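Residue numbers (my numbering): 1016 to 1522.
For each residue, glycine too, the CB sits at the ideal point set by N, CA and C.
Model, not experiment: these values are computed from the prediction.
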RNA sequence: GCCGCGUUGGUCAAUCGGCUAAGACGCCUCCCUUUCACGGAGGAAUGACGGGUUCGAUUCCCGUACGUGGUACCA
């Protein structure tokens, strides 16, 4: 068997959502599993939808996910160019369109947008809400099938704008084998005569995928389920142009659903979870769609959770490194039904990865977050120790700020209500006296602090437990965080005493 | 409307004809913990519906319902 070559072919129209990343992932895992190449090809054939920065954004997302293409417009390859707009410049698509016409599989269509609109509105009925440009109608339209040859010549000579449409057979069954779904059958007469080449000379997706997959020697083509209905067009094109034996193996991936049907970028804002890999700001509307990266996800967790959304190893293992995914992945184990995205489970994956990975792997990201919130970290070793102390309390990287900022800044507000009801003059006196004892402590470490605390509590006949919570509130501000003596040990004697003094005035 | 794809707990899902239907997330209870977590032990919760095929159907087939996608000179 020839070397496996797969491709991810996004259209740079803005954002890269969960489903897109999962498609990339499955492509990548499959390629790497079989020692093949993963190619990124940019499908920028619709110039009206060009979005500034969208292409770079896609590559940034892939990089963050740890998915490096073997060939792409950025790092090149032997099958370039990798942007369809550039391929069009080379006249690649045009020749195949001409060949199809010559062989009688396609035709010129001269209908203007207005004429198409007219055809649709005239044929529209309750029984047929969306009339197609198909075999039932094509002879009534303005094209090289309905016109006389010399009329066509004249129109062409006069540089009349035209598109090339595929001539779908009237009554044929097209079937192909989908790796995930098995045999898929379609009746050609039910599919419309899709435009292959647009009036601006650009190919549509339909022509471009087939031609490029052939030229780039793609062996396996994976894409979303939404492509299933037009698959017969692609199969036919393969048959007409290059032969079915050269056609890649297809796999149509299930959709990722949101809480209410198909996952949309709006769901993010609506239900409070990210849908894009990284933050994306639409340059036209300035609208920001939140990304998993900025939300505080680890890339390891992100690809892990996406991989498991629609696929499982058939074992009970749920946590996979990228290498383990590559080793275990198989398309046959991809579920054919759509999967509803569950943000709670996604967060669980991240929490697991925070515990699993060494702090050094992601420390920088938390440091950046602290920086942006006004805390500058100078001592990396100390920072690492603190992160280790609080990491099992965090599900997102952004949770660390709440869980650890009190190590750097005294809490702004204290949960005094947690203390006041049980506060007493005795307890107040305990802390006043304890400050003196603390100031006399030779060794400032957790054990010494705890011993001193307990000794004085016993001496004053107060249960240490009743004093611990107030002490915690003094240092942390709330009822959370690691063992309080550890906190005291880390923030130092002076700071500890300051916080006790400050709080004593409030209780 | 027509066509395609799909349908196991709230969610992700195992099962490839033998099921007293795994596991995970979430939820609840308890233990651990003189905070919050982590961890541990339990619990509630599932085969859309109707027909076949079969000794036996969650598993195979057919209908229906429902969901979802497509029906563009968008991908």
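Nearest to residue 1057 by alpha-carbon distance, out of 1292, 1026, 1414 and 1469, is 1026. Just measuring C-alpha positions, the residue of 1338, 1343 and 1266 sitting nearest residue 1331 is 1343.
Between the alpha carbons of residue 1347 and residue 1366 lies a gap of roughly 29 Å. The DSSP-derived three-state label of residue 1150 is coil. In this chain, the alpha helix (DSSP H) harbouring residue 1047 covers 1033-1048. Residue 1133 and residue 1122 have their C-alpha atoms roughly 21 Å apart. By the C-beta criterion, the region 1280-1287 is judged not to be in contact with the region 1334-1342, since fewer than 3 inter-stretch pairs fall below 8 Å.
Counting other Cβ atoms within 10 Å of its Cβ, residue 1476 stays below 16 and is therefore classed as exposed. For residue 1428, the number of other beta carbons within 10 angstroms of its own is below 16, and it is reported as exposed. Runs of alpha helix (DSSP H) with 4 or more residues, each lying fully within the region 1082-1113, are found at 1099-1104, listed in chain order. Look at the region 1194-1264 and you find these whole runs of beta strand (DSSP E), each 3 residues long or longer: 1197-1202, 1210-1212 and 1235-1239.
Contact between the region 1112-1128 and the region 1087-1102 is not established, with fewer than three Cβ pairs separated by less than 8 Å.
Residue pairing from DSSP places residue 1190 in a beta bridge opposite 1200. Looking at the backbone, the Cα of residue 1087 and that of residue 1041 are separated by about 17 Å.
Fully contained in the region 1391-1416 are the following alpha helix (DSSP H) runs of length 4 or more, in chain order: 1395-1405.
Residue 1056 carries a coil assignment under DSSP once its states are collapsed to helix, strand and coil. With respect to residue 1288, residue 1358 sits close: the two C-beta atoms are nearer than 8 Å. Non-local beta-carbon contacts of residue 1167 in its own chain, meaning distances under 6 Å to residues more than five positions away in sequence, involve 1159 in chain order. Remark: C-beta atoms of residue 1293 and residue 1306 approach each other more closely than 8 Å. Around the beta carbon of residue 1350, a 10 Å sphere encloses fewer than 16 other beta carbons of the protein chains shown; the residue is thus reported as exposed. The DSSP-derived three-state label of residue 1158 is strand.
When C-beta atoms of the region 1017-1024 are compared with those of the region 1235-1247, three or more pairs fall below 8 Å, so the two segments count as touching. In the DSSP annotation of this structure, the continuous segment of the beta strand (DSSP E) that includes residue 1022 starts and ends at 1020-1023. Closest by C-alpha distance to residue 1291, out of 1069, 1467 and 1503, is 1069. Annotated three-state conformation of residue 1063 is helix, per DSSP.
Under the DSSP assignment, residue 1272 falls in the beta strand (DSSP E) whose first and last residues are 1271-1273.
When only Cα atoms are considered, residue 1029 and residue 1433 end up about 48 Å apart.
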